[in-house]
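Engineer: Mind looking over this structure? Questions follow.
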Amino acid sequence: MAVVTEDPKAGFRLGMLIYDTRYRSITIQIVVLFLFMAGAAWLIDNLIRNLEALGRGIDFGFLWNRAGYDINQTLVEYTNDSTHARAMLVGLLNTLLIAFLGCIAATVLGVIAGVLRLSKNWVVGRLMTVYVEIFRNIPLLLWILMIYTIFTEALPAPNAFRGENPAASMALFDTVAFTNRYTAIPWLVFDNSLGWLQLGPIWLNLDLTVIIVALVGGFLINRAILKRATRIQEATGIRPTTWWQSLIALFGPIILVKFVLGTHFDYPSLQGFNFTGGLQVSNSLVALWLALTLYTAAFIAEIVRGGINAISRGQTEAAFALGLRPGRTMSLIILPQAMRVIIPPLISQYLNLTKNSSLAIAVGYMDLRGTLGGITLNQTGRGLEAMLLLMLIYLLISLTISGAMNVYNQSVKLKER
Amino acid sequence: MNTSNSTFVRTEMLPQKAPPITEAGAVKWMRENLFSSPLNVLLTVLGVGAVAYLVLHIAPWLSRSVWNAASLTECRQIIEARYGEGATGACWAVIRERWPQYLFGFYPQHLYWRPVLAFVLLCVAVAPVLFDKLPRKMLWFSLIYPAVGFWLLWGGSVWVPVAALAGFAIGYVAAQVVKPLAGTILATIAAVVTPVLWWLFLAGPAADAVHSVLPIALESVRSREFGGFILAFTIGFTGIAFSLPLGVMLALGRQSDMFIVNKLSVGFIEFIRGVPLITLLFTASLLLNYFLPPGTDFDIILRVIIMVVLFAAAYIAEVIRGGLAALPRGQYEAADALGLDYWKAQRLIIMPQALKISIPGIVSTFIGLFKDTTLVVFVGLLDPLKGITDAVRASTDWKGIYWEPYIFVGTIFFIFCFGMSRYSMYLESKLKTDHR
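These protein sequence lines are chains A and B, in that order. Residue numbers 1 to 417, in our numbering, belong to the letters of the first sequence in order. Residue numbers 1001 to 1436, in our numbering, belong to the letters of the second sequence in order.
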């Protein structure tokens, strides 16, 4: 007679929290959460007790007080009567400015250096290797300090440019003057300026806006023209001639803007002991920009080289076998694949450059850290609030850029089955 | 037909002719590598021009070096006396005179032997880690080196580092005792909890007690007296040693299926990577006191090291995550199929491969860390690059000197960073197992 024995009902025992893999992960998570919360509670408790001992709480009200200090480079209107919040905005814009200028210059220089390093030319290849290795292996701070020191100590004073036989002369066909106090560069002026437009707290420079609209608009129109040409080519097999349309679309609007606004360059010239006209850029900005550019470009060069090397030779050969010309091979086969490898590390170099721009402190360039994390912090004594705000802003910049990068990565990801 | 004596048939081969002059030797190489196209010719001319320009400007300056002088003015006088009016030259006398300051900062002069000995021992400790041909027993010294190095650099009672080391021994003993009684998992918990309890509550009093019986001590040196390259090396090497294990843990946390562990790791990594190191250093120097029990004040170098470790660990975690993602799924499945548990699978199958893939990234993070040690100048420590150089440039003797100190410091950093990157290449080629 068969006795049907039931499986023993597995009751829940305490030991299963550790030994049963079904429950173990929950146990671990609860322990981790508990430890984390205990740690956080300890820190916050300490913070509250310390603040009580100092007799103050966390208060961001100081942002609306008068700042009372001057900033040597301001992109928006600012006086020492403005608020600390305004000073913070000035600093943020200065950070973004140096980051923007640095990213553009570093990309251009980095791509050139990376491509040249791959060239078969022995001299140029070695030269670029030396450049990349030297700049990658020496701290950025050294480059910033060294370039700044050279600017302030080795360059002539503005009055050295005076006289019949001046001790110094302007560079780049007499358009740029490097002096020990500032660098005078040509700058755009508008004869029929449109002025400023106030949108709430933001002042908008209409001239600049019009130029940007003209550039972007021309680019978009050109893209539409090329798209239409491709469509016609796919339908009929004949590609219509588009080069003159492209030229008009790209350069027409900007030339129109130039004549309407009366845009021309204002060149710096020596008046008495100083340069007038053009734009006087502080040496701290120029030195920081040069150092960040040269340093980051060395990293970008390696990224570009790696990206192009990553595309196997078979891809080029396959393209040639299909009868594509070298130019088309590059633009249709190599570049799209290399870009997928190059762009993500490139963006993280942009992020690094933005974060490294906080070394501006070494040359006294008033970036976000110099205003909010520097003078404002010292004047108000609100270290905690200022640091929190500073970190939050840097974090927001970083997360925005890396968010954009993730979107890009998703869009170019290999579609695998 | 008889061809045997026909005179017009050649019976022996002609000797080989030398290739045309344009297809051999240096000429061929130059044609292919320097002048293969108009663009290449242009590049070559520009490249040679740039090199010539640099050499013509730097070589005379370097060749007129002065190594013995007491001040910049004296240096310039010597150069002008030697090479004529208006001659310029390098004045390395500044390095010669300020050499101890560059190496040791304001470390007490009669104790210079200690950092030197610590550095020599560091080389001994690092050697077996870097080169696996050396006897494996040397690794035991590498394990206790942190305590030795700490004692030599900061001084104080020998029992403090000994008590710290004892924590590990206690953990090991606790695990061995618990294991037969309560199994592996509780033993692991015991191995973690007992040392922590020891360090928190018992290590200090125990060290004091032993010290009162058997006082062996070195003269202690305060952290503010550190400076120059010993500061950079202390922070750099400690950072490197501790950020790798922490980075591995963070990477595993980020890969983990456990929701809370995963989110905490992601949050930590993204936060650290999103802010500049300089703000973290400021937090360490300005704000850390807010978060510690009232009245605590702990060492500035330690705070900086903690921040540098956290910073580098977040970057390393991302590098290793890349390595983990690059491993084929089959490796994980194979480890599961063998019945390995999580840690065994990680230790034996996953990590060796993932780390191998991530070597270049890890080493470049280390190089970045080492370069970033110069940023400690912004929290008031005397790093060699800005701290010491500013002190030198502020003195009346050496006012106005700038090329020489920067070139000197840059060269030292270059040697170490370049060495690290070459080592990573060597390691990569050594560990290469594919047959391409």
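Idealized CB from N, CA, C, for every residue including glycine.
Around the Cβ of I300 of chain A, are there at least 16 other Cβ atoms within 10 angstroms (buried) or fewer (exposed)?
Structural biologist: Buried is the call here.
Engineer: Select from the region 1224-1240 of chain B all residues with a C-beta closer than 7 Å to any C-beta belonging to chain A, and list them in chain order.
Structural biologist: Those would be none; no residue qualifies.
Engineer: Compare the C-beta of L1385 of chain B with all C-beta atoms of chain A and state if any pair is closer than 8 Å.
Structural biologist: Cβ-Cβ to chain A under 8 Å: yes for L1385 of chain B.
Engineer: If the cut is a Cβ gap below 7 Å, which residues of chain B does R49 of chain A touch?
Structural biologist: Near R49 of chain A (Cβ distances below 7 Å), the residues of chain B are P1294.
Engineer: V1309 of chain B and L1218 of chain B - do their beta-carbons sit closer together than 8 Å?
Structural biologist: No, they are not a contact pair.
Engineer: Does the distance from the C-beta atom of L1280 of chain B to that of F1311 of chain B stay below 8 Å?
Structural biologist: Yes, Cβ-Cβ distance for L1280 of chain B and F1311 of chain B is below 8 Å.
Engineer: Put M1001 of chain B into one of helix, strand or coil per three-state DSSP.
Structural biologist: Note that M1001 of chain B scores a pLDDT of 49, beneath 50, so its modelled location is shaky; the value from the coordinates is reported in the next line. DSSP places M1001 of chain B in coil when its eight states are reduced to three.
Engineer: Check whether chain A comes within 8 Å of S1429 of chain B, counting only Cβ atoms and requiring the distance to be less than that.
Structural biologist: Not an interface residue.
Engineer: Quick one: does I18 of chain A have its CB under 8 Å from some CB of chain B?
Structural biologist: With 8 Å as the cut-off, I18 of chain A counts as an interface residue toward chain B.
Engineer: Any beta carbon of chain B sitting closer than 8 Å to that of K258 of chain A?
Structural biologist: Cβ-Cβ to chain B under 8 Å: no for K258 of chain A.
Engineer: Can at least three beta-carbon pairs, one atom from the region 120-130 of chain A and one from the region 1026-1037 of chain B, be found at a separation below 8 Å?
Structural biologist: With the cut-off at 8 Å, the region 120-130 of chain A and the region 1026-1037 of chain B touch.
Engineer: I'd like to check one pair, I1260 of chain B with L33 of chain A: are the Cβ atoms closer than 8 Å?
Structural biologist: Their beta carbons are under 8 Å apart, which means L33 of chain A touches I1260 of chain B by this criterion.
Engineer: Hey, I1250 of chain B and A1317 of chain B: beta-carbon distance below 8 Å or not?
Structural biologist: The sequence given here places Leu at residue 1250 of chain B; Ile does not occur at that position. Yes; because the gap between Cβ atoms is below 8 Å, this pair is in contact.
Engineer: Please list, in chain order, all residues of the same chain as K355 of chain A whose beta carbon is under 8 Å from its beta carbon, the five residues on each side excluded.
Structural biologist: So the qualifying residues of the chain are Y394, S398.
Engineer: Using beta carbons (cut-off 8 Å, strictly below), is F36 of chain A in contact with chain B?
Structural biologist: Yes, its Cβ sits closer than 8 Å to a Cβ of chain B.
Engineer: Is there at least one Cβ from chain A nearer than 8 Å to F1271 of chain B's Cβ?
Structural biologist: Answer yes: the Cβ-Cβ gap between F1271 of chain B and chain A drops below 8 Å somewhere.
Engineer: How about W289 of chain A: is its C-beta nearer than 8 Å to some C-beta of chain B?
Structural biologist: Judged by the 8 Å Cβ criterion, W289 of chain A is not in contact with chain B.
Engineer: Just to confirm my understanding: we take D59 of chain A, look at its own chain, exclude 5 residues before and 5 after, and list those with CB closer than 8 Å. What are they?
Structural biologist: These residues qualify, in order along the chain: R382, E385.
Engineer: Checking contacts by CB at 8 Å: is T1365 of chain B closer than that to chain A?
Structural biologist: No - not a single Cβ of chain A is within 8 Å of the one on T1365 of chain B.
Engineer: Is the closest heavy atom of the ligand ADP to the C-beta of N352 of chain A under 7 Å?
Structural biologist: Annotation note on the ligand ADP: not contained in the displayed structure, which lists no ligands.
Engineer: Less than 8 Å between the CB atoms is what I'm expecting for P186 of chain A and Y267 of chain A, so what's the real figure, rounded?
Structural biologist: Indeed they touch by this definition, with Cβ atoms about 5 Å apart.
Engineer: Which one of B:W1061, B:A1164, B:W1092 has the shortest CA to CA distance from A1070 of chain B?
Structural biologist: The shortest C-alpha separation from A1070 of chain B is found at B:W1092.
Engineer: For a contact meaning CB atoms closer than 7 Å, what does M391 of chain A contact in chain B?
Structural biologist: Those within 7 Å of M391 of chain A in chain B are V1275, T1279.
Engineer: Taking the runs of the alpha helix (DSSP H) that are 4 residues or longer, which of them lie wholly in the region 322-388 of chain A?
Structural biologist: Those alpha helix (DSSP H) runs which fall completely within the region 322-388 of chain A and span 4+ residues are 335-356, 377-380.
Engineer: From V1213 of chain B to S1142 of chain B, what distance separates their C-alpha atoms?
Structural biologist: Those two C-alpha atoms are separated by around 29 Å.
Engineer: Answer with buried or exposed for M1 of chain A, where buried requires no fewer than 16 other C-beta atoms within 10 angstroms of its C-beta.
Structural biologist: A caution first: M1 of chain A carries a pLDDT of 48, below 50, which makes its placement in the model too unreliable to give a value.
Engineer: Sort B:V1248, B:P1293, B:M1138 by Cα distance to R1321 of chain B and report the nearest one.
Structural biologist: Answer by Cα proximity: B:V1248.
Engineer: Among residues of its own chain, excluding the 5 on either side of M1001 of chain B, which ones have a beta-carbon nearer than 8 Å to its beta-carbon?
Structural biologist: Confidence is the limiting factor: at M1001 of chain B the pLDDT is only 49, short of 50, which leaves the residue's position unreliable, though a coordinate-based value still follows. Nothing listed; no residue qualifies.
Engineer: Name, please, each residue of chain A whose Cβ falls closer than 8 Å to the Cβ of N1040 of chain B.
Structural biologist: Near N1040 of chain B (Cβ distances below 8 Å), the residues of chain A are S119, K120, N121.
Engineer: Run down chain A in chain order and give the residues with a C-beta less than 8 Å from the C-beta of Y1332 of chain B.
Structural biologist: Chain A residues near Y1332 of chain B: none, gap ~16 Å exceeds 8 Å.
Engineer: Please compile the residues from chain A whose C-beta is within a distance smaller than 7 Å of the C-beta of A1050 of chain B.
Structural biologist: Going along chain A in sequence order, the residues near A1050 of chain B (Cβ under 7 Å) are L127.
Engineer: Tell me, please, whether the CB atom of M366 of chain A is closer than 8 Å to any CB atom in chain B?
Structural biologist: No, because no Cβ of chain B sits closer than 8 Å to the Cβ of M366 of chain A.
Engineer: Any idea if A1203 of chain B is buried or exposed, counting beta-carbon neighbours within 10 angstroms, 16 or more meaning buried?
Structural biologist: When all chains shown are included, A1203 of chain B counts as buried.
Engineer: Considering just the uninterrupted stretch of the alpha helix (DSSP H) at G1040 of chain B, what are its terminal residues?
Structural biologist: For the sequence presented, residue 1040 of chain B should be read as Asn rather than Gly. Run containing N1040 of chain B: 1038-1063, per the alpha helix (DSSP H) assignment.
Engineer: Thinking C-alpha only, which one of A:V210, A:F12, A:N159, A:Y23 is nearest M1258 of chain B?
Structural biologist: For the residues A:V210, A:F12, A:N159, A:Y23, the minimum Cα distance to M1258 of chain B belongs to A:Y23.
Engineer: Taking the alpha-carbon of L335 of chain A as reference, which of A:V412, A:A287, A:Y295 has the nearest alpha-carbon?
Structural biologist: For the residues A:V412, A:A287, A:Y295, the minimum Cα distance to L335 of chain A belongs to A:V412.
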